[in-house]
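For reference, the structure is listed below as structure tokens.
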Amino acid sequence: MLSKHNSLSVIIFIFFFFSSSLSSPDFNTLLSFKSSLLDSSNALSTWVNSTNPCTDSWLGVTCNPATHRVTKLVLENLNLTGSIDALSQLTQLRLLSLKRNHLSSAFRFELFLFEKPQASLPLSQPPYREFPRWNPLSLASPETRHFV
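Numbers -23 to -1, 1 to 125, taken from mature numbering (1 follows the signal peptide of the UniProt record, and there is no 0), label the letters of the sequence shown in order.
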């Protein structure tokens, strides 16, 4: 009987180990962003901590299927109010659209650090901004490229 109990424990451990390793590395960042918002219409109700943003269809979230990293975030016309500062942690984000909301930031999102020098920043029509790898947390570094 003891061996059955041990086998069950091992199976449960393996299940939780693999299920947690398959979650998105951006999971906590998105939940932090959500917690900083006033969402009076409950538009982000699919963003719950018991689901995965990349596999469970979180509203407005698109991920790279291989890396489970958020690459696109489109939250338009949702009447969201609050800060977008947590989004600076989404290092694989390529497209961000938050038009027709009431959002603010402690820093300017138009300023980005590029890991490799770029001749120009590819921008589509505002409010859409497509950009290569960025890290707004490192604006003080000497390699910083500023684009407005």
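We treat Cβ as the ideally placed atom computed from N, Cα and C, and that holds for glycine.
Buried or exposed for LEU64, going by 16 or more other Cβ atoms inside 10 Å?
Residue 64 sits at position 87 when you count from the first residue of the sequence shown. When all chains shown are included, LEU64 counts as buried.
Closest to LEU7 by CA distance: which of VAL51, ASN56, ALA83 and ASN78 is it?
Reading the sequence shown from its first residue, position 30 is the one you call residue 7. When only C-alpha atoms are compared, the closest one is VAL51.
If I measure Cβ to Cβ from TRP24 and keep anything under 6 Å in the same chain, skipping five residues before and after, which residues do I get?
The residue labelled residue 24 in the question sits at position 47 within the sequence shown. Excluding sequence positions up to five before and after TRP24, its CB lies within less than 6 Å of the CB of LYS11 and TRP35, all in the same chain and listed in chain order.
Grouping DSSP H, G and I as helix and E and B as strand, with all else coil, what is THR39?
Translated into positions along the sequence shown, residue 39 becomes position 62. Here THR39 sits in strand by DSSP.
Taking only three categories from DSSP, how would you classify SER76?
Taking the sequence shown and counting its residues from 1, the one referred to as residue 76 is at position 99. Rather than Ser, the amino acid found at residue 76 in this sequence is Lys. Collapsing the DSSP output to three states places LYS76 in coil.
So for SER60, helix, strand or coil by DSSP?
Position 83 of the sequence shown, counting from 1, holds the residue named residue 60. If DSSP states are grouped into helix, strand and coil, SER60 belongs with the strands.
Would you say GLN66 and SER9 are within 9 Å of each other, going by their C-beta atoms?
What you label residue 66 is simply residue 89 of the sequence shown in a count that begins at 1. What you label residue 9 is simply residue 32 of the sequence shown in a count that begins at 1. The Cβ-Cβ distance between GLN66 and SER9 falls below 9 Å.
Buried or exposed: SER1, going by 16 or more other Cβ atoms within 10 Å of its Cβ?
Translated into the one-based positions of the sequence shown, residue 1 becomes position 24. By the 10 Å Cβ count, SER1 comes out buried.
Starting from residue 126, follow the beta strand (DSSP E) in both directions and report where the run begins and ends.
Summary: the structure shown does not reach residue 126, with the chain confined to residues -23 through 125, and so no result is reported for it.
With a CB to CB cut of under 8 Å and the five nearest residues on each side skipped, what residues in its chain are close to ASN78?
For the purposes of this step, residue 78 is identified with residue 101 of the sequence shown, where counting begins at 1. If we look at ASN78 and ignore the five residues flanking it on each side, its Cβ neighbours are LEU52, GLU53, ASN54, LEU55, ASN56, LEU57 and THR58.
SER65 (DSSP reduced to helix, strand or coil)
In the sequence shown, the residue the question calls residue 65 occupies position 88. When DSSP states are grouped into helix, strand and coil, SER65 belongs to the helix group.
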